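Note that the protein sequences, when read in sequence, are chains A and B. The first sequence begins at 0 in numbering that gives the first Met the number 0 and counts up one residue at a time. The second sequence begins at 0 in numbering that gives the first Met the number 0 and counts up one residue at a time. Working notes for the structure below.
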Amino acid sequence: MSIHPGTAAKTSALDSRPGAPDPKARRRSPTRVNPALYLFPLPAVAITAFFLVMPTLQAFQYAVTDWNGFSAAFNYVGMDNFIRAFTKDSLFTNALTNNLKFVLLVVVAQTVFSLLLALLLTKNSRGSILLRALFFFPTILSSVSVAFIWKFIYDPNFGLANSVLGAVGLESLQGSYLGNNVQALYWVAMTQVWFHAGQMMVVFIAGLQAIPRELYEAAEMDGAGKWQQFKSITWPFVAPATSIVVAYTTVQSFKAFDLILGIAGNPPKASLDILSTRIYSTFANSEFGYAAAQSIIFMAMIALVTWLQRRLLRLTPKGE
Amino acid sequence: MSQISRRQALSVLGAIGFGATAAACAGPGGSTAPGGSAGAVAPSAGNITGKVSFAHWRGEDKVVFDELIKRFAALHQGVEVAQDISTSNDYNAQALQKLRGGSIGDAFATFRGSQFNNFTQAGIYTDLKDSKAASNYQPGLLAAGKSGSSQLGLPYQVVFPMPMANVDLFDKAGADTAPKDWRAFLAMCEKLAASGVIPISWPGGDVGNGGQLFNCMIANNAPVDDMCAQIEQGKLKCTDDWFLKMLGQYKDLVPYLQPNATGTAVEPAQNLFSQGKAAMLATGSYHIAAVRGLGAKFPIELVFPNTSTGGNAKYEGVYNATFILGVNAASKNQAAAAAWIDFLSEPENAAYYANQTAQHVSVDKVDYTNPDLKRLSPWLGKKTALAARFQFQNLDVRNAVEASATAVISGTSPEQAAEAAQKIVDERL
Numbered sequence: 000m001s002i003h004p005g006t007a008a009k010t011s012a013l014d015s016r017p018g019a020p021d022p023k024a025r026r027r028s029p030t031r032v033n034p035a036l037y038l039f040p041l042p043a044v045a046i047t048a049f050f051l052v053m054p055t056l057q058a059f060q061y062a063v064t065d066w067n068g069f070s071a072a073f074n075y076v077g078m079d080n081f082i083r084a085f086t087k088d089s090l091f092t093n094a095l096t097n098n099l100k101f102v103l104l105v106v107v108a109q110t111v112f113s114l115l116l117a118l119l120l121t122k123n124s125r126g127s128i129l130l131r132a133l134f135f136f137p138t139i140l141s142s143v144s145v146a147f148i149w150k151f152i153y154d155p156n157f158g159l160a161n162s163v164l165g166a167v168g169l170e171s172l173q174g175s176y177l178g179n180n181v182q183a184l185y186w187v188a189m190t191q192v193w194f195h196a197g198q199m200m201v202v203f204i205a206g207l208q209a210i211p212r213e214l215y216e217a218a219e220m221d222g223a224g225k226w227q228q229f230k231s232i233t234w235p236f237v238a239p240a241t242s243i244v245v246a247y248t249t250v251q252s253f254k255a256f257d258l259i260l261g262i263a264g265n266p267p268k269a270s271l272d273i274l275s276t277r278i279y280s281t282f283a284n285s286e287f288g289y290a291a292a293q294s295i296i297f298m299a300m301i302a303l304v305t306w307l308q309r310r311l312l313r314l315t316p317k318g319e
Numbered sequence: 000m001s002q003i004s005r006r007q008a009l010s011v012l013g014a015i016g017f018g019a020t021a022a023a024c025a026g027p028g029g030s031t032a033p034g035g036s037a038g039a040v041a042p043s044a045g046n047i048t049g050k051v052s053f054a055h056w057r058g059e060d061k062v063v064f065d066e067l068i069k070r071f072a073a074l075h076q077g078v079e080v081a082q083d084i085s086t087s088n089d090y091n092a093q094a095l096q097k098l099r100g101g102s103i104g105d106a107f108a109t110f111r112g113s114q115f116n117n118f119t120q121a122g123i124y125t126d127l128k129d130s131k132a133a134s135n136y137q138p139g140l141l142a143a144g145k146s147g148s149s150q151l152g153l154p155y156q157v158v159f160p161m162p163m164a165n166v167d168l169f170d171k172a173g174a175d176t177a178p179k180d181w182r183a184f185l186a187m188c189e190k191l192a193a194s195g196v197i198p199i200s201w202p203g204g205d206v207g208n209g210g211q212l213f214n215c216m217i218a219n220n221a222p223v224d225d226m227c228a229q230i231e232q233g234k235l236k237c238t239d240d241w242f243l244k245m246l247g248q249y250k251d252l253v254p255y256l257q258p259n260a261t262g263t264a265v266e267p268a269q270n271l272f273s274q275g276k277a278a279m280l281a282t283g284s285y286h287i288a289a290v291r292g293l294g295a296k297f298p299i300e301l302v303f304p305n306t307s308t309g310g311n312a313k314y315e316g317v318y319n320a321t322f323i324l325g326v327n328a329a330s331k332n333q334a335a336a337a338a339w340i341d342f343l344s345e346p347e348n349a350a351y352y353a354n355q356t357a358q359h360v361s362v363d364k365v366d367y368t369n370p371d372l373k374r375l376s377p378w379l380g381k382k383t384a385l386a387a388r389f390q391f392q393n394l395d396v397r398n399a400v401e402a403s404a405t406a407v408i409s410g411t412s413p414e415q416a417a418e419a420a421q422k423i424v425d426e427r428l
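As structure tokens, then:
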């Protein structure tokens, strides 16, 4: 940062006034502090170092070994684990494909659905508040509970979905749901959207309520229709909220580990295997080195997708 | 108090960071537990006091173990046993890491196969060869807990991973519970279907339980007894004729399974059976207590899907010796843990466990009073094969091979399903 010469001169003139603090002391104060103050962040630094930095660094080290998780002996294998993941492991590439598909489905459906709910429930009427609470409710449930609820809904023999379809004479639409390898991921994606849409709705409502009413009134006076108002006022104003929703949903969908394991069992079948469950299976299979390499790829994948989204969608105005 | 500069503070933090980095790079591995793969000898005497952690996965047996713990504590003043229970899948995945330190699982159980082998390699077991407990077991059932000349674990349970049958429904349909070959088995299913019930309830949506049927289907089809180990080693292939024949037989079963079987979890499958809607539950005898708990009142028998042709079956059924009890080599409470294993292995305590949980045990001279166990006891003397799926050391390979059967049931051709499975096996050779 540069300081304007005029400003510097003004400052030195002020400092030369009688009774002004010693300029040397003023210069020292930002850089020299009581050492006791450095003890305050130390617990946080230590916890971060011990539980985050060290395991992350260790993961990088394990990733280049063939360590099985319990033996004293291991070999350094260089980049072999990374090469194996992309070229010689169809289970990993299958999980990667499933995960990208799952992220795309959930991000699009959850963003659209939660925005729609938010638009319908922006007003602070009693009915809206009640419905907001209702839609938000799944968010406070544990993912294991959600998995069990939906496992019951999707059960082809006693489940709610097939029972309802049977009761209204739509037996032809009854299905195997999670047992159908082509559809299974879509059904789990629907569960994920049900689980988190209420939470994202709240983010959108906060954004929508911050839009000045006068803008809509002015637009109405100018003859703008509902769609034009949405396009020209609502959307630009909720863009920052959308950016948060998209980024959060992306990370959440990559890490839908507990939901998948709860709904599909451990290990999940190939059609429901995503990166986090694959990594867990690899750890369980006593391939710690390879699992660490998969974890690093997973981390890089989340970072890459989130960065790409921000670049491509350009939802956050510059400087914010 | 003297003051330090920002630069000095950053230097200190940098040093901490460098230390953390160095510590992180100390190298994986460390040391194995003190047992070694041969196993240190378990103590035969010592102070039987303190708190023993007993790690296992049988949540359904908690109450029975609680009662046994009470009896054990009454015999040894000052000893406590706390159960550390995980679900079977979590136990399979995490137990090794949890137990290595020795603070959890002074006494523990493992599954037969890869988990037992991993525990052995990690040196977690002590050798129980000369223990009082080992002498109480039927020698022929101890093999699953052996490593070389060491008896590292004591397989406590004998289970039959074969379909359970509702005898009332079989009688009503006029079906025989002991089909001599595959044609007879299909004829039996046909009779059951004709009587208006679902012949087989199969939890195809649950990898662990759905895979038990694989033990039966492969037993008489494979050319060798260590077929799964040989598949994993690449000596046998899923695309071999015998494997394709087995997948073809899975296809034969499709009309006799409940609709949408590949999406059925284990609980609904149990419900179909316990409510009398299905004549068989294709999991195993380890589910007897669960279906009784769901209200099943009918007599239960076991049925072996005999895949042989022309009545030349090598095996009449399958069994598994599992829940392999061991004493943790890293435990600080080994004497008490060994005493607990001794206690469980005494015939009267093993009998209590067996009769309350409806599980046969490997302990000798056990008096079975549970009606289900009494009825199924003849299976202990039949020519049964040791469940093959536990030969797999690599869980990805096991899941892929078993998934080929599920794929066939959901409509994939046996050839395609076999090729898909073999691809995964080949990637792991």
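Where is the CB? At the ideal position from N, CA and C, for every residue including glycine. Keep in mind the model is a prediction, meaning the values are calculated, not measured.
What residues in its chain sit with their C-beta under 8 Å from that of TYR185 of chain A, if we drop five residues either side in the sequence?
LEU104
Between the region 112-121 of chain A and the region 287-307 of chain A, are three or more C-beta pairs nearer than 8 Å?
no
Mapping the DSSP letters down to three states, classify ASN208 of chain B as helix, strand or coil.
helix
Leaving out five residues on either side along the sequence, give the residues of the same chain with a beta carbon under 7 Å from the beta carbon of ASN214 of chain B.
PRO160, VAL317, ALA386, ALA387 and ARG388
List the residues of chain A whose Cβ lies closer than 8 Å to the Cβ of ARG57 of chain B, in chain order.
In chain order: nothing, as chain A lies at least about 17 Å away.
Chain-order list of residues whose beta-carbon lies under 8 Å from that of ALA223 of chain A (same chain, five-residue window excluded)
SER231
Which residue comes first and which comes last in the alpha helix (DSSP H) that contains TYR351 of chain B?
346-356
Is VAL167 of chain A helix, strand or coil when you go by DSSP?
Coil at VAL167 of chain A, not helix or strand.
Pick from B:TYR314, B:ASN88 and B:PHE242: whose alpha carbon is nearest that of PRO178 of chain B?
B:TYR314
Hey, GLY261 of chain A and SER142 of chain A are a contact pair by Cβ (cut 8 Å); roughly how many whole angstroms apart?
6 Å
Roughly how many angstroms lie between the CA atoms of ALA84 of chain A and ILE408 of chain B, to the nearest whole one?
Here the C-alpha atom of ALA84 of chain A lies approximately 30 Å from the C-alpha atom of ILE408 of chain B.
Using the Cα positions of ARG277 of chain A and GLY104 of chain B, report the straight-line distance between them to the nearest angstrom.
27 Å
Going by Cα to Cα distance, which pick from A:TRP193, A:PHE135 and A:PHE147 is closest to SER252 of chain A?
A:TRP193
One question on the structure: do LEU153 of chain B and ALA174 of chain B come within less than 7 Å of each other, judged by their Cβ atoms?
no
Suppose the cutoff is 7 Å on Cβ atoms and the five residues either side in sequence are ignored; what does the same chain contact list for ASN88 of chain B look like?
Within the same chain, Cβ atoms closer than 7 Å to the Cβ of ASN88 of chain B are found at GLY207, the five residues on either side in sequence being excluded.
Check whether the Cβ of PRO155 of chain A lies closer than 7 Å to any Cβ atom in chain B.
It does; some Cβ of chain B falls within 7 Å.
ALA92 of chain B at chain A interface by Cβ criterion, 7 Å
yes
Assuming the contact rule is C-beta atoms closer than 8 Å, GLY206 of chain A and ASP65 of chain A should be a hit. Round their C-beta distance to whole Å, please.
Their Cβ separation, rounded to whole angstroms, is 49 Å, which puts GLY206 of chain A and ASP65 of chain A out of contact at 8 Å.
I'd like to know whether the C-beta of ASP205 of chain B is nearer than 7 Å to at least one C-beta of chain A.
yes
Contacting positions in the region 236-267 of chain B - beta carbon closer than 8 Å to chain A:
GLN257, PRO258, ASN259, ALA260, THR261, GLY262, THR263, ALA264 and PRO267
Residue burial classification, LEU9 of chain B (beta-carbon count within 10 angstroms, cutoff 16):
exposed
Show which residues of chain A have a CB atom less than 7 Å away from the CB atom of LYS422 of chain B.
SER89
For LEU177 of chain A, which residues in chain B fall below 7 Å Cβ to Cβ?
GLY204 and GLY262
Span separating the alpha-carbon of ALA255 of chain A from that of GLN114 of chain B
27 Å
Against chain A, does ASP430 of chain B count as a neighbour if the rule is that its beta carbon must be under 7 Å from one of theirs?
Residue 430 of chain B lies beyond the residue range present for chain B, which begins at 0 and ends at 428; the question has no answer from this structure.
Does chain B have any CB closer than 7 Å to the CB of ALA209 of chain A?
no
Beta-bridge pairing of PHE53 of chain B - partner residues as DSSP gives them
B:GLN82 and B:ALA106
Counting contacts by CB-CB distance shorter than 7 Å, is PHE69 of chain A in contact with chain B?
yes
Three or more C-beta pairs below 8 Å linking the region 245-260 of chain B and the region 196-204 of chain B
Because the criterion of three Cβ pairs below 8 Å is met, the region 245-260 of chain B and the region 196-204 of chain B touch.
Examine chain A for any beta-carbon lying closer than 7 Å to the beta-carbon of ASN208 of chain B, and answer yes or no.
no
With a threshold of 8 Å on Cβ separation, who are the neighbours of GLU170 of chain A within its own chain once the five nearest residues in sequence on each side are excluded?
LEU164
For a test of the three-state rule: what should DSSP assign to MET161 of chain B, helix, strand or coil?
Coil at MET161 of chain B, not helix or strand.
Contact check, PRO162 of chain B vs VAL302 of chain B, beta carbons under 7 Å:
yes
Residue range of the beta strand (DSSP E) that includes ALA277 of chain B:
277-280
Name, in chain order, the residues that DSSP records as bridge partners for ALA320 of chain B.
DSSP lists B:VAL157 as the bridge partner or partners of ALA320 of chain B.
Rounded distance between the beta-carbons of PRO413 of chain B and LEU235 of chain B, thought under 8 Å
LEU235 of chain B to PRO413 of chain B, Cβ: 16 Å. No contact.
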